[in-house]
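Structure first, then comments.
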Amino acid sequence: MVLSEIVWVGGVMAKLTNKNRLSIVNPELCKEWDYEKNGDLTPECVSCGSHKRVWWKCDSGHSWEAIITSRNAGRGCRYCYSPAGKIPEIIVDNNFSYFIGFAQADGSMSQESRNRGRLQIQIKYEDRNIIDSFGEMIPCNSTVCSFEKSNIKINGRTYHNKKYALLRVCNKGFRDFMVKCGMPYGKKSKTVTPPLHLEGLSIEDYLRGLYDADGSVGFTANRFPFLSLTTQSESIKDYVLNYISNITGKPCKSVNMPKRDSVYNIMITKEDAVMMSKILYYDSCLSIAR
Numbered sequence: 414m415v416l417s418e419i420v421w422v423g424g425v426m427a428k429l430t431n432k433n434r435l436s437i438v439n440p441e442l443c444k445e446w447d448y449e450k451n452g453d454l455t456p457e458c459v460s461c462g463s464h465k466r467v468w469w470k471c472d473s474g475h476s477w478e479a480i481i482t483s484r485n486a487g488r489g490c491r492y493c494y495s496p497a498g499k500i501p502e503i504i505v506d507n508n509f510s511y512f513i514g515f516a517q518a519d520g521s522m523s524q525e526s527r528n529r530g531r532l533q534i535q536i537k538y539e540d541r542n543i544i545d546s547f548g549e550m551i552p553c554n555s556t557v558c559s560f561e562k563s564n565i566k567i568n569g570r571t572y573h574n575k576k577y578a579l580l581r582v583c584n585k586g587f588r589d590f591m592v593k594c595g596m597p598y599g600k601k602s603k604t605v606t607p608p609l610h611l612e613g614l615s616i617e618d619y620l621r622g623l624y625d626a627d628g629s630v631g632f633t634a635n636r637f638p639f640l641s642l643t644t645q646s647e648s649i650k651d652y653v654l655n656y657i658s659n660i661t662g663k664p665c666k667s668v669n670m671p672k673r674d675s676v677y678n679i680m681i682t683k684e685d686a687v688m689m690s691k692i693l694y695y696d697s698c699l700s701i702a703r
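Take the sequence shown: its position 25, counted from the start at 1, is 438 in our numbering, and no numbers get skipped.
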């Protein structure tokens with residue numbers, strides 16, 4: 414394709430050079446260029462200061478029209494980012510308490526330049542109903558999709574085509590709220606904390622979210638019922654142990670972190686496991702099928 418050497422910049426005719434060519438000036442932004450809807454028009458053909466309205470497509474799959482110069486100045490996706498990152502008031506009920514626990518244990522948050530970032534939760538496809546429920550309760554745009562990974566090793570077993578469900582939320586206001594819920598950006602395993610300050614937080618639902626994401630419920634080899642949770646967070650470890658002590662009426666036991674695994678493994682069995690399971694997994698609660 415022959416590139417046009419004359420472009421319109423702010424209503425003025427200007428020469429297109431490598432100093433103003435969008436593909437050269439802002440290659441990161443060009444990753445969001447919607448090649449399908451823009452047809453023959455490509456980032457190599459336009460100036461970074463052009464007032465031409467073109468199509469864009471963000472990582473979450475949203476497609477929208479916006480002026481090139483405004484995007485180059487830092488304006489993000491019109492669906493992912495509302496003004497000042499505002500979102501409707503979030504009511505922390507039983508289901509949202511469960512979501513917070515699940516996200517803390519099995520989710521991740523990343524941030525980039527220009528207030529961009531995302532929260533992601535990935536689980537096996539068989540439990541996609543949980544991801545769908547999360548997408549419905551989040552008060553801003555979110556993306557729910559599925560994908561496959563090949564040659565995945567889990568507990569020593571190789572899966573050639575393992576299917577997963579994924580939830581992605583980019584809205585900055587929602588990410589800010591999750592930070593207030595004790596979920597930091599980046600590596601969070603050791604720094605997450607129980608959001609006990611949240612009004613309306615249901616402790617039982619929050620804990621069930623932790624257990625569904627990073628725990629196990631079942632029977633031992635000797636057919637004893639058990640309930641276990643793994644965590645690297647000392648704050649969560651201490652809170653869960655105190656909760657178990659209050660429920661069972663037994664002294665709070667100590668759990669040490671093995672140097673090899675670098676995780677706390679909190680496990681209860683027999684009557685204690687049955688008692689706590691009945692409290693956490695009540696009838697009609699949102700949970701992974703066990």
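Just so you know, even glycine gets a beta-carbon here, dropped at the ideal spot from N, CA and C.
Computed from a predicted model, the values in this text were never measured in an experiment.
Fill in: Separation of S483 from K593, as counted between CA atoms
Locating residue 593 in the sequence shown gives position 180, where the first residue counts as 1. Locating residue 483 in the sequence shown gives position 70, where the first residue counts as 1. So the two alpha carbons sit approximately 31 Å from each other.
Discussion item. Ignoring anything shorter than 4 residues, give me the alpha helix (DSSP H) runs that lie fully in the stretch 615-671, in order along the chain.
Written reply: 616-627, 647-661
Discussion item. With the cut-off set at 8 Å, would you say Q533 and R581 are in Cβ contact?
Written reply: Here residue 533 corresponds to residue number 120 of the sequence shown, with the count starting at 1. Here residue 581 corresponds to residue number 168 of the sequence shown, with the count starting at 1. Cβ atoms of Q533 and R581: closer than 8 Å.
Fill in: Three CB pairs or more closer than 8 Å across the stretch 503-521 and the stretch 455-469
no
Discussion item. My output table needs one value for V605: the three-state DSSP class, helix, strand or coil.
Written reply: Translated into positions along the sequence shown, residue 605 becomes position 192. DSSP places V605 in coil when its eight states are reduced to three.
Worksheet item: Does the distance from the CB of S476 to the CB of K470 come in under 8 Å?
Response: Taking the sequence shown and counting its residues from 1, the one referred to as residue 476 is at position 63. Taking the sequence shown and counting its residues from 1, the one referred to as residue 470 is at position 57. Yes, Cβ-Cβ distance for S476 and K470 is below 8 Å.
Practice prompt. Could you tell me if I681 is buried or exposed, where buried requires 16 or more neighbouring beta carbons within 10 angstroms of its beta carbon?
Written response: Reading the sequence shown from its first residue, position 268 is the one you call residue 681. Buried.
Discussion item. Just to confirm before moving on: does the CB-CB distance between L623 and I657 stay below 8 Å?
Written reply: Locating residue 623 in the sequence shown gives position 210, counting from the first residue. Locating residue 657 in the sequence shown gives position 244, counting from the first residue. Not in contact: L623 and I657 (Cβ atoms no closer than 8 Å).
Discussion item. By the three-class DSSP mapping on this structure, what secondary structure does R466 have?
Written reply: The residue given as residue 466 occupies position 53 in the sequence shown. Here R466 sits in strand by DSSP.
Worksheet item: Which residues mark the beginning and the end of the alpha helix (DSSP H) in which G514 is found?
Response: In the sequence shown, residue 514 corresponds to position 101, counting from 1. Per DSSP, G514 belongs to the alpha helix (DSSP H) from 507-519.
Worksheet item: Bridge partners of T556, per DSSP?
Response: Taking the first residue of the sequence shown as 1, we reach residue 556 at position 143. DSSP output for T556 lists R581 as bridge partner(s).
Worksheet item: Between the Cα of W446 and the Cα atoms of D625, K428, R541, G489, which residue gives the shortest distance?
Response: Your numbering for residue 446 matches position 33 in the sequence shown. Taking only the C-alpha atoms, the option nearest W446 is G489.
Item to complete: Just mark R527 as buried or exposed, buried being the case when its beta carbon has 16 or more other beta carbons within 10 Å.
Response: As a position in the sequence shown, residue 527 is number 114, starting the count at 1. By the 10 Å Cβ count, R527 comes out exposed.
Worksheet item: Using DSSP with H/G/I as helix, E/B as strand and the rest coil, what is A702?
Response: Here residue 702 corresponds to residue number 289 of the sequence shown, with the count starting at 1. In the structure shown, A702 sits in coil (DSSP, three-state: anything other than H, G, I, E or B).
Worksheet item: Beta carbon of V705, beta carbon of L640: below 8 Å?
Response: With the chain covering 414 to 703 only, the question about residue 705 has no answer from this structure.
Worksheet item: Leaving out the 5 sequence neighbours to the left and right, which residues in its chain are closer than 8 Å to L454 when beta-carbon positions are compared?
Response: As a position in the sequence shown, residue 454 is number 41, starting the count at 1. The residues are V467.
Item to complete: Would you check if the distance between the CB atom of I616 and the CB atom of P552 is smaller than 8 Å?
Response: For the purposes of this step, residue 616 is identified with residue 203 of the sequence shown, where counting begins at 1. For the purposes of this step, residue 552 is identified with residue 139 of the sequence shown, where counting begins at 1. Cβ distance not < 8 Å, so I616 and P552 don't count as in contact.
Discussion item. By the three-class DSSP mapping on this structure, what secondary structure does S436 have?
Written reply: The residue labelled residue 436 in the question sits at position 23 within the sequence shown. S436 falls in the helix class under three-state DSSP.
Worksheet item: Should M591 be labelled buried (16 or more other beta-carbon atoms within 10 Å of its own) or exposed?
Response: What you label residue 591 is simply residue 178 of the sequence shown in a count that begins at 1. Buried, by the Cβ-count rule.
Worksheet item: So N678 is in the beta strand (DSSP E); what residue range does that whole segment cover?
Response: If you number the sequence shown from 1, residue 678 lands on position 265. Here the beta strand (DSSP E) through N678 covers 677-682.
Worksheet item: Excluding five sequence neighbours on each side, which residues of the same chain lie with their C-beta closer than 8 Å to the C-beta of S690?
Response: In the sequence shown, counting from the first residue as 1, residue 690 sits at position 277. Excluding residues within five positions, the ones whose Cβ falls inside 8 Å are V630, P638, L640.
Worksheet item: Where DSSP assigns a beta bridge to R531, which residues make up the other side?
Response: Taking the sequence shown and counting its residues from 1, one reaches residue 531 at position 118. Beta-bridge pairing links R531 to S523.
Worksheet item: Expressed to the nearest angstrom, what Euclidean distance is found between the alpha-carbon atoms of N584 and K562?
Response: The count along the sequence shown starts at 1 and reaches residue 584 at position 171. The count along the sequence shown starts at 1 and reaches residue 562 at position 149. Roughly 27 Å between the two C-alpha positions.
Worksheet item: Between P496 and the rest of its own chain, which residues show a CB-CB distance below 6 Å, the 5 nearest in sequence each way excluded?
Response: On the sequence shown, residue 496 is found 83 positions in, with the first residue counted as 1. Model confidence at P496 stands at a pLDDT of 48, short of 50, so the residue's coordinates are unreliable; what they give is reported in the following sentence. Same-chain partners within the cutoff: there are none.
Worksheet item: Comparing alpha-carbon positions, which option in Q524, S473, V505, T661 lies nearest D685?
Response: Taking the sequence shown and counting its residues from 1, one reaches residue 685 at position 272. With distances taken between Cα atoms, D685 lies closest to T661.
Worksheet item: Any idea if D674 is buried or exposed, counting beta-carbon neighbours within 10 angstroms, 16 or more meaning buried?
Response: Translated into positions along the sequence shown, residue 674 becomes position 261. Label assigned to D674: exposed.
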